[in-house]
Amino acid sequence: QAGDRAETGGNIDCASCHNSHQWTPGNPAIRNTDLPANAGDASNSFLRLPADHQSKLCVSCHADKKMIQGTDHDLSVTAPSSKNKLQQSRDASGLCGQCHIPHNAETESSIWARALGKGVDEIEKKCRSCHQSDQLAAVKNPVLSKHPDSIMLWSPELRKQIKQQPVADLPVFDKQGKRTNFGELTCSSCHDPHQWSTDHKISGAGKNMEGDVMSSFLRTDQSPGAVCSDCHGKDGIFRYKYFHGESAHTKHHMFK
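Below, the structure is given as structure tokens:
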């Protein structure tokens, strides 16, 4: 709080990402006075590490998110000409900057870098930034995308205590998009947007892939232990696998 550098237990602040005495990371000889006014970008701007290309600055802390590289959510693969809220292309903003920007973001939550789409909660609105009929991911625009929000569920941590056995990590969230112990199922309950292959912590193939039940950014490929089975029993794997199709939301569905 006093502004002294802390080895442990400190806060993220301006100087965490910026070195006010060096314009370009790794090259103290370059000065911003040598460049046109307002010419800063993700490769310089007093950053401690570059944020362009593969977003080295971001993944130095968020190491578990770097598996997004080369997946369908890496816009250099699926939409290289697209631009974020600041009108930056993927090359200018870096891997992470197409969806997250630390300054002038669309939302405080996830420092979102794109205009929000229509949805009933914060997470669905972010996903719908691209996954809607007139946006980047129009070809992956699910007709049905929402579990009934009247159904409140326990987190995997609480379910594990109750069941006394392993459970699938399908988290629940509050309306603000924060993971909670008791909340609703939404897009990020079933999907991890940063990891393409279920149970494989590796980067993507660098090309647009057609997904299946072993990939598609899904969190699990197993029915046992999934929260779906708590209510749907043996029908849980069908509800999970075909959630975006009408067959999983039929008139016989108890939550119609």
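Once you know that position 73 of the sequence shown is 146 in the numbering used here, the rest is easy, because the numbers rise by one and skip nothing. We treat Cβ as the ideally placed atom computed from N, Cα and C, and that holds for glycine. Note that the structure is predicted; figures quoted are calculated from it, not measured.
Proximity below 8 Å, CB of residue i to CB of residue j
i      : j      : result
Lys219 : Glu197 : yes
Ser276 : Met282 : no
Asp308 : Thr259 : no
Leu217 : Arg292 : no
Ser93  : Phe119 : yes
Phe290 : Asp265 : yes
Gly192 : Gln208 : no
Ser182 : Gln95  : no
Leu130 : Cys87  : no
Helix, strand or coil at residue i according to DSSP, with G and I counted as helix
i      : result
Pro197 : It is Glu, not Pro, that sits at residue 197 in the sequence shown. In the structure shown, Glu197 sits in a helix (DSSP, three-state: H, G or I).
Val245 : strand
Phe255 : strand
Pro229 : helix
Ser162 : strand
Lys191 : coil
Phe328 : Confidence at Phe328 is low in this model, with a pLDDT of 45, below 50, so its placement is unreliable and the value that follows should be read with caution. Residue state, collapsed to three classes: coil.
His305 : helix
Lys219 : coil
Leu209 : coil
His173 : strand
Check: residue i C-beta below 7 Å from any heavy atom of the ligand NAP
i      : result
Arg163 : Absence of the ligand NAP is noted for the structure shown, with no ligands found whatsoever.
Euclidean distance between Cα positions of residue i and residue j
i      : j      : result
Arg187 : Leu159 : 9 Å
Ser128 : Phe316 : 33 Å
Cys263 : Gly76  : 40 Å
Ala124 : Ala241 : 34 Å
Tyr313 : Trp185 : 27 Å
Asp272 : Asn117 : 36 Å
Gly279 : Gln74  : 42 Å
Leu122 : Lys138 : 17 Å
Arg78  : Pro215 : 47 Å
Phe328 : Pro221 : Caution is warranted here: a pLDDT of 45 is assigned to Phe328, below 50, making its placement in the model unreliable, and no coordinate value can be reported.
Ile85  : Asp285 : 38 Å
Lys199 : Asn100 : 37 Å
Range of the contiguous alpha helix (DSSP H) that encloses residue i
i      : result
Gly309 : 309-314
Thr271 : Careful: Thr271 lies outside any alpha helix (DSSP H) and carries neither H nor E.
Ala186 : Careful: Ala186 lies outside any alpha helix (DSSP H) and carries neither H nor E.
Should the region 167-183 be regarded as contacting the region 293-310, the criterion being three or more beta carbon pairs within less than 8 Å?
no
Contact between the region 249-256 and the region 226-238 (3+ Cβ pairs under 8 Å):
Verdict: yes, contact present.
Report yes or no: do the region 232-247 and the region 111-131 share at least 3 C-beta pairs separated by less than 8 Å?
no
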